[in-house]
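Right, one structure below, let's go through it.
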Amino acid sequence: MPKVIKLENLKDGSILAKDIYINSSVLFRTGMLVTSELINYLHRKGVRSVSVFDAPAFAPFQSTFIPKAQLPEHQHKELTAQFQNEMTQIADELRYGRILHSEASYQWVRELYLKFYSNSTVRFLMDCLKQWDPVCYIHSLDVFVLTSLFFKHVNWKISQAFMLGCLLHDIGKLYTPVEILLKKGKLTQREYQKITEHTLNGYRLLKKMNFPEETCCVARSHHERLNGSGYPDHLHVDISDHHLILMMIVDVYSALTMNRSYRKPMLATKAMQILLVDSYTKHLFDQSMCHLFINFIHMFPPATKVVLTNGESGIVLADPTVSDILPKIKLWKTGQVIQLPSDLSVTVKTIIGWDSRDFIEQQRQTWSAFVHYLIDGDHLKALECLDTMSDGMRIEEVFIKLFEHAMDEIAHMLTLNQLLKAQYMVASSTVVRLISWKMMDITRQLRTPTMGEIVIVNLDSIQGLARTKLMNDLFTINGWKTELLAEIEDISMIYEIVKLKKAKFLAFYCADKSQTPLLIQLTAKIHDEFPDLNIFVHGSQSGTLANDRRANRFRLSTNCSELIRNMKHYVVSQVRT
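The sequence shown begins at 1 in UniProt numbering and counts up by one.
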């Protein structure tokens with residue numbers, strides 16, 4: 001029997017017994033799994049009570065799959081229609097190549113889908129994921145389909161439990177805030193950290209529901225990497241664990257090539273190029289497994305070394321005028337450039353390597369162009385380069401690896417007299433404009449500041465404005481409400497704004513040696529007058545305070561990475577208290 005429960009008494013693991021409406025629209029349907037994050041979401045939406053079933057939350061998983069012949073006709077029709085609709089969303093030739101051109105392959109996938117979805121517990125979880133995050137649901141199905149087809153293609157024996165893990169690998173995202181999952185812009189470091197928790201949350205949920213250990217482990221370990229840089233356990237995945245490594249590659253390929261809330265789908269060959277970089281230079285994946293997957297999809301990115309079916313060898317050329325399925329190849333033996341024919345009389349037999357030099361040179365050229373456009377004051381062209389280089393980065397990484405790095409390089413050019421001071425100022429102004437443009441998008445998606453007010457003070461006059469802007473916006477991104485003093489006429493301004501805003505934090509930027517005496521004087525006076533004020537000092541002159549008797553009360557940093565670490569240290573300290 002259903003019963004109405006007040007939100008404060010609602011428990012994780014309950015099942016909704018009645019649709020939840022907001023403004024005449026269904027928010028969640030009957031049968032939705034209640035999670036701690038769903039409760040938080042309903043609270044933010046102003047829902048006060050819900051109807052849940054007065055029974056055990058869910059039946060434990062049983063490895064029972066109804067044969068196709070025994071499926072009730074209405075269920076068979078419903079699942080078949082659902083399968084066909086969902087396949088139209090994923091099985092695009094631009095992503096799948098020709099792997100589903102065979103009717104037999106399509107029917108084989110359909111039978112597999114019907115089998116797994118005939119299990120009531122599996123379907124229950126997938127329906128919940130579809131309600132919570134439809135994009136994640138389609139991605140999960142895509143990984144399941146691509147992985148299944150690959151294993152069939154190479155005749156690898158694979159357990160049913162592992163394939164269940166492929167289908168349910170992201171089920172832990174039921175415990176990820178929907179605002180983060182559906183965010184249209186880049187994630188902050190804190191948001192990304194929240195995302196990473198889905199691996200452990202998925203493992204715990206599946207374990208609790210009595211799924212096989214292998215299924216649970218796929219949910220836990222699909223973001224681990226060969227070099228130990230993955231999460232949650234930072235495992236060095238064994239190179240012999242072919243099944244998991246292949247699934248990890250498929251997971252990345254699917255995420256890159258499907259439409260996401262924060263990015264349009266990437267071309268398959270561009271995604272393959274990223275996988276090759278991750279395999280060859282970052283050692284995240286096994287090169288041979290990456291080759292096998294590229295052979296399977298049969299779309300080859302530029303600089304791929306290949307052997308053709310006629311026995312000749314060559315390298316794939318970049319040419320946007322030709323199809324990725326039928327690329328141009330430069331033959332090594334003769335130097336001739338050919339385009340693979342549409343009648344498929346000659347195709348690629350196998351990939352044998354990849355030349356990373358073109359990719360590295362392309363990255364170098366984009367970076368050089370970015371710095372040049374900053375110095376030249378060309379905001380729009382600099383923005384194009386910025387968007388290219390920042391793809392896949394979190395917000396803080398954009399600030400550190402792109403903005404700060406560029407400013408460091410331009411400042412170094414100034415010290416070497418390779419730039420006029422006027423050019424340096426133009427570049428700084430361009431950086432400030434780019435940061436402001438990016439922050440317009442970012443701030444629209446930020447939650448209400450939770451860390452309190454902070455006053456940001458630039459002690460370096462106009463020359464320090466760009467760095468102070470970086471500092472200011474990093475505090476904004478990480479939950480502070482900022483008041484920026486880009487220029488001060490008198491130190492009394494600092495006292496006034498701290499008192500007016502009742503700020504609990506104060507931050508100085510100082511890189512000008514001539515301002516060091518003022519910095520020392522200010523920090524001493526302000527510390528004495530506002531003993532409870534938390535003070536950050538950022539910039540190359542922050543080290544002058546390292547031996548100050550009050551240094552343990554200051555958070556000192558010379559670069560943005562150290563500044564962010566200081567923020568995290570403070571947040572952790574606050575949580576502990």
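For glycine and all other residues, C-beta sits at the position ideal for the given N, C-alpha and C. From a predicted model like this one, the values you see are computed outputs, not experimental measurements.
Pick out the complete beta strand (DSSP E) segments inside the region 25 to 54, 3 residues or longer, and give them in chain order.
25 to 28, 49 to 53
Could you check whether L235 and S221 sit closer than 8 Å to each other, using their CB atoms as the reference points?
yes
Expressed to the nearest angstrom, what Euclidean distance is found between the alpha-carbon atoms of L182 and V34?
19 Å
Nearest to L317 (by Cα), restricted to the options N295, L340, I297:
L340
State the start and end residues of the unbroken alpha helix (DSSP H) segment that holds R364.
357 to 376
Answer with buried or exposed for Y21, where buried requires no fewer than 16 other C-beta atoms within 10 angstroms of its C-beta.
exposed
Let's test the definition: count the other Cβ atoms within 10 Å of the Cβ of S428 and tell me whether it reaches 16, buried, or not, exposed.
buried
Could you have a look at N472 and say whether DSSP puts it in helix, strand or coil?
helix
In terms of residue numbering, what span does the beta strand (DSSP E) encompassing H538 cover?
534 to 538
By the 10 Å Cβ neighbour count, where 16 or more other Cβ atoms means buried, how is S542 classified, buried or exposed?
buried
Simplified DSSP state of K305, which is helix, strand or coil
strand
What number of angstroms, rounded off, separates the C-alpha of R204 from the C-alpha of C216?
8 Å
Inspect the beta-carbon positions of L459 and L506 and report whether they are closer than 8 Å.
no
What does the Cβ neighbour count give for W437, buried or exposed, with the cut at 16 atoms within 10 Å?
exposed
Burial state of D324 (16 or more Cβ within 10 Å)
buried
Looking at L164 and F211, is the spacing between their C-beta atoms short of 8 Å?
yes
Do you know how far the Cα of S342 is from the Cα of L326?
7 Å
Applying the criterion that 16 or more other CB atoms from any shown protein chain within 10 Å of the CB defines a buried residue, is V337 buried or exposed?
exposed
Is R225 near the ligand HEM, judged by its Cβ being under 7 Å from some heavy atom?
What this structure holds is no ligand at all, so the ligand HEM is not there to describe.
Excluding five sequence neighbours on each side, which residues of the same chain lie with their C-beta closer than 6 Å to the C-beta of V122?
F116
Should G479 and Y509 be called a contact, given that it needs their Cβ atoms to be closer than 8 Å?
no
Am I right that I180 and L187 are in contact with their C-beta atoms under 8 Å? What's the rounded C-beta distance?
7 Å
What three-state label does DSSP hand Q339 in the structure shown?
strand
Burial state of R447 (16 or more Cβ within 10 Å)
exposed
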